[in-house]
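Quick note, the sequence shown lines up with residues 0 to 97 if you use numbering that gives the first Met the number 0.
First comes the structure, then the notes that go with it.
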Amino acid sequence: MNFKKACLTVLIACPLAPLLCWGGKHHTTITWERSTHPDIVGFNIYRGDDRGKENPVPVAKLVASECCTAGTLFCRWEDFDVVPHAKHCYVVKSVLKS
Numbered sequence: 000m001n002f003k004k005a006c007l008t009v010l011i012a013c014p015l016a017p018l019l020c021w022g023g024k025h026h027t028t029i030t031w032e033r034s035t036h037p038d039i040v041g042f043n044i045y046r047g048d049d050r051g052k053e054n055p056v057p058v059a060k061l062v063a064s065e066c067c068t069a070g071t072l073f074c075r076w077e078d079f080d081v082v083p084h085a086k087h088c089y090v091v092k093s094v095l096k097s
């Protein structure tokens, strides 16, 4: 299973390779490298307040075609449920065809 991890403090820009994050006043945008693997149909995003302690229930279940625009190198999701000045850690996991 493919997954990426990153932590950020909202309101602080934090480029992380290969995951890129931009902090906003009350939201943050998570972007990750797009995969061309044909079996990836979506992504589950998990959030927590410390690395390795992400909630086991995803905060978002995304369809790949909705968050990964054709012809771009990155997929994107905006989290509008963040606490300003708080640390948020994210894990993005690929969902494969069954």
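Glycine included, each C-beta is placed from N, C-alpha and C at the ideal position.
Using the rule of at least 16 other Cβ atoms within 10 Å of the residue's Cβ for burial, across every protein chain shown, is residue i buried or exposed?
i: Ser-97; result: exposed
i: Val-90; result: buried
Excluding the 5 residues flanking residue i on each side, which residues of the same chain have their C-beta closer than 6 angstroms to its C-beta?
i: Cys-67; result: Arg-33 and Cys-74
i: Lys-60; result: Asn-43
i: Val-62; result: Gly-41
i: Val-56; result: none
Just curious, the alpha helix (DSSP H) that residue i is in, first and last residue?
i: Glu-65; result: 63 to 66
Output needed for residue i: all residues of its chain with C-beta closer than 7 angstroms, excluding positions within five of it in sequence on either side, in chain order.
i: Asn-54; result: Tyr-45, Arg-46 and Gly-47
What residue range does the beta strand (DSSP E) around residue i cover?
i: Asn-43; result: 39 to 47
i: Phe-73; result: 73 to 78
i: Thr-30; result: 27 to 32
i: Lys-86; result: 86 to 95
On a Cα-Cα basis, can you pick out the residue from the options that is closest to residue i?
i: Gly-41; options: Thr-27, Trp-76, Lys-86 and His-87; result: Trp-76
i: Asp-78; options: His-87, Gly-51, Glu-65 and Leu-95; result: His-87
i: Ile-29; options: Thr-35, Val-58 and Leu-95; result: Val-58
i: Val-94; options: Ser-64, Val-82 and Asp-80; result: Ser-64
i: His-26; options: His-84, Asp-80 and Lys-92; result: Asp-80
Can you list, in chain order, the residues of its chain whose CB lies under 8 angstroms from that of residue i, leaving out five sequence neighbours each side?
i: Cys-38; result: The residue you asked about is not Cys; residue 38 is Asp in the sequence shown. Leu-95 and Lys-96.
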